[in-house]
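All residue numbers for the sequence shown refer to the working numbering, where the first residue is 277 and numbers rise by one.
C-beta: ideal position from N, C-alpha, C; glycine also.
Notes for the one structure printed next.
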Amino acid sequence: MKRFAALIQVLATSTKTNAKINAIQEYFAVADAADKIWVIALFTGRRPRRSVTGALLAQWCLEIIDIPSWLFEECYHTVGDFAETIALLLPEPEEQDNVNEYTLSFYLNKLILLAKEEDTVKKKFIMESWAELDRMEKFVFNKLITGGFRIGVSQKLIVNAIAKTSEVSPSIIAHRISGNWDPAVVTFDQLLSTEHSAADSSKPYPFYLAYAVEDDPSVLGEPGLWQAEWKWDGIRGQIIKRNGELFVWSRGEELLTEKFPEYKILEALIPDGIAIDGEIISLAEIPINENFSPLPFSALQTRIGRKNITKKQLTEAPVGFIAYDLLEFAGEDIRELTLENRRKILEEVEEKINQPFFHLSPVINFTNWTELLEIRKMSRDRGSEGIMIKRKNSVYQVGRKRGDWWKWKIDPLTIDAVMIYAQKGSGRRSNLYTDYTFAVRDGDKLVSFAKAYSGLTDKEFAQVDSFVKRNSIEKFGPVRTVKPELVFEIAFEGIAASNRHKSGVALRFPRMSRWRKDKKMEDINTLDDLQEMLKFYNSQYNIRGTE
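Take a look at the structure:
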């Protein structure tokens, strides 16, 4: 645990990619194999479930430090992170000659078993561990207990570090650590072996991601070398069939097969040894544009996270699949073929499937970049976020690579609003008020409609924090009500009706695009403006009624 805590400290404080890769390499060079498999699991989102509630951890911490609960709450609101608060409040361990230095895998396996034990057993183990671990180790340990372990390390970074250590190419490593595996069962050597990869018939491929076009796409050169498609707004996924079984994966490596029963028929329609990359998306049952019409992402959200899908949900938010690419065919990895060749095979596959919910992403015909710019302006009319531009002779790579695949998104929707609530952030922003709630005018009232915590510079966040501290009106736990004076332009990708919000609307990906220092609260948009925007947005999708 000491070695792992030291690694986390380096990763959390370093801003240089090479320093992070070197730290991971050094860790893998000396760590136990049982610890290495858990590090890969933790860094790729395979966290153990919560084994003890936060309320119990706070209670046991208070027993040790003997302070009133209100003071603990104040400390928590100041620090901004529950696990870190406890680590800071608990005393450092006394110096002992024979301190047990247990491994990371020891603690994780113990916590898995502990989840089924009585609270008295949990308390004994956790309090004994707290007494032996130093502050950084306690912080990591607390994160593991609560199931809230997250670290700012991309999967690409961990893949590159393992590749350098094992002398296997990053693309192969990325594929081998993907899929449905359990770090409590699989060993490090097994995970990286060819045999284990071949034995897992469900294993998806790492996704190829595009970079955003920052300038005029004409810098890409000759238009004839490029293929353009619409950029659809759903869940990036893969449909895989091997050994007679169908698997549906999200880009976040979540197995979603049971979530979308519409896809079950594909088990009988597509051949074995196939992997299709595309978009899981909600489609209108009656097409409006050409052969299919997407519904907004809010429709798909009604299906996400549901254990049981009702008949009503199947009817109101029917799910389809828009195929982008073919990664495996007849059991062969074909990612090294050119996009044009992969597309030809995919067209044959789509023709044989011939189902109303399964579509090939249509290619946009254009002769020059100016023409494509005009076509891009019609994106919202098509229910699209913009345009994808792909080099025709490109292979299917791993992760985000600059050069061959680009996304050219349309400008976001915007509305001017005033900040009315503020809350402290987390991590490096735990001492600053950086999470804000915004409102629009409704007559003489202000109605909250969105929260945002990104889009400003560090300098601007510091200025807003200073304003909040000087202009707080009321306090509700960690939240401060502030004078409604600061106006911001809020950008967002979509808008939907919602009964859960006082405003009656919910925004998709809201963020602060500009601090409007030139505007006053009287100049902000109104609730009527939001409702008109909702009507216009819904009319583009031909949506009736509300969410």
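task: Run through the stretch 607-671 for me and flag every whole alpha helix (DSSP H) of 4 or more residues, listed as ranges in chain order.
output: Listed in chain order, they are 615-629 and 645-652.
task: Would you check if the distance between the CB atom of P760 and the CB atom of I663 is smaller than 8 angstroms?
output: no
task: Assign Q673 to one of three DSSP states: helix, strand, or coil.
output: coil
- prompt: If you draw a straight line from the alpha carbon of F219 to that of D342, how long is it in whole angstroms?
  reply: As displayed, the chain neither begins before 277 nor continues past 823, which places residue 219 out of reach and without an answer.
Rounded C-alpha distance that separates T646 from Y487: 20 angstroms
- prompt: DSSP beta-bridge partners for W681?
  reply: K666
- request: Measure the CB-CB distance between I550 and W508 and report whether it falls below 8 angstroms.
  value: no
- request: Could you tell me if T822 is buried or exposed, where buried requires 16 or more neighbouring beta carbons within 10 angstroms of its beta carbon?
  value: A caution first: T822 carries a pLDDT of 38, below 50, which makes its placement in the model unreliable, though a value can still be read off. With fewer than 16 Cβ atoms within 10 Å of its Cβ, T822 is classed as exposed.
query: Do the CB positions of G770 and Y729 come within less than 8 angstroms of each other?
result: no
query: First and last residue of the alpha helix (DSSP H) that includes I313?
result: A309 to F319
query: Shortest alpha-carbon distance to K400 belongs to which of K386, D410 and E413?
result: K386
query: Smallest Cα separation from E826: which of L649, V716 and S774?
result: No statement about residue 826 is possible, as the shown extent of the chain runs from 277 to 823 and does not include it.
query: Taking the continuous beta strand (DSSP E) assigned at M412, which residues delimit it?
result: Counting along the chain, M412 falls outside any beta strand (DSSP E), though it belongs to the alpha helix (DSSP H) covering R411 to T422.
- prompt: What is the C-beta distance between F425 and L318, in whole angstroms, given that I count them as a contact (C-beta under 8 angstroms)?
  reply: 6 angstroms
field: N-terminal and C-terminal residue of the beta strand (DSSP E) that M788 is part of
entry: R787 to W791
task: Look at the Cβ atom of V758, then the Cβ atom of A698, and state whether they are nearer than 8 angstroms.
output: Cβ distance < 8 angstroms, so V758 and A698 count as in contact.
- prompt: Run through DSSP, which three-state label would I284 get?
  reply: helix
message: I'd like the ranges of any alpha helix (DSSP H) spanning at least 4 consecutive residues and lying wholly in the stretch 697-777.
response: 734-746
field: Euclidean distance between Cα positions of K292 and I313
entry: 24 angstroms
- prompt: How is the beta strand (DSSP E) around A486 delimited, first residue to last?
  reply: First-last for A486: undefined, no H or E at that position.
field: Three-state class that DSSP yields for E823 in the structure shown
entry: For E823, the predicted structure reports a pLDDT of 39, less than 50, and the residue's modelled location is therefore unreliable. A value from the coordinates is still provided. Correct three-state label for E823: coil.
query: Counting pairs of beta carbons, one from the stretch 719-738 and one from the stretch 775-787, are three or more of them closer than 8 angstroms?
result: yes
query: So is M654 buried or exposed if we call it buried at 16+ other beta carbons inside 10 Å?
result: It is exposed - the Cβ of M654 has fewer than 16 other Cβ atoms within 10 Å.
task: Kindly indicate which residue of E798, L783, T802 and Y672 has the alpha-carbon position closest to the one of V716.
output: T802
message: Between V625, A281, P367 and Y352, which has its C-alpha nearest Y383's C-alpha?
response: Comparing Cα positions, the closest option is A281.
- prompt: How close, in whole Å, do the beta carbons of K668 and V489 come, if the pair is a contact with beta carbons under 8 angstroms?
  reply: Incorrect: roughly 17 angstroms between the Cβ atoms, too far for contact.
- request: State the Cα-Cα distance for the pair H472 and F464, rounded to the nearest angstrom.
  value: 11 angstroms
message: Alpha carbons only, please: which of W502, P482, L496 and Q503 is nearest the one belonging to I552?
response: For I552, the nearest C-alpha among the options comes from P482.
field: Classification of F304 by the beta-carbon crowding that lies within 10 angstroms, buried from 16 upward
entry: buried
- request: Leaving aside the five residues before and after L380 along the sequence, list all residues of the same chain whose C-beta is less than 6 angstroms from its C-beta, in chain order.
  value: M277, F280, D311 and W314
message: Based on DSSP bridge pairs, tell me the residues matched to S526.
response: G513
task: Decide if L806 is buried, meaning its Cβ has at least 16 other Cβ atoms within 10 Å, or exposed.
output: buried
message: Taking the alpha carbon of A575 as the reference point, which residue from Q514, A772, E608 and G607 has its own alpha carbon closest?
response: A772
query: Between which two residues does the alpha helix (DSSP H) harbouring V435 extend?
result: Q431 to S442
- prompt: Among A693, P324, D657 and I516, which has the Cα closest to the Cα of I686?
  reply: D657
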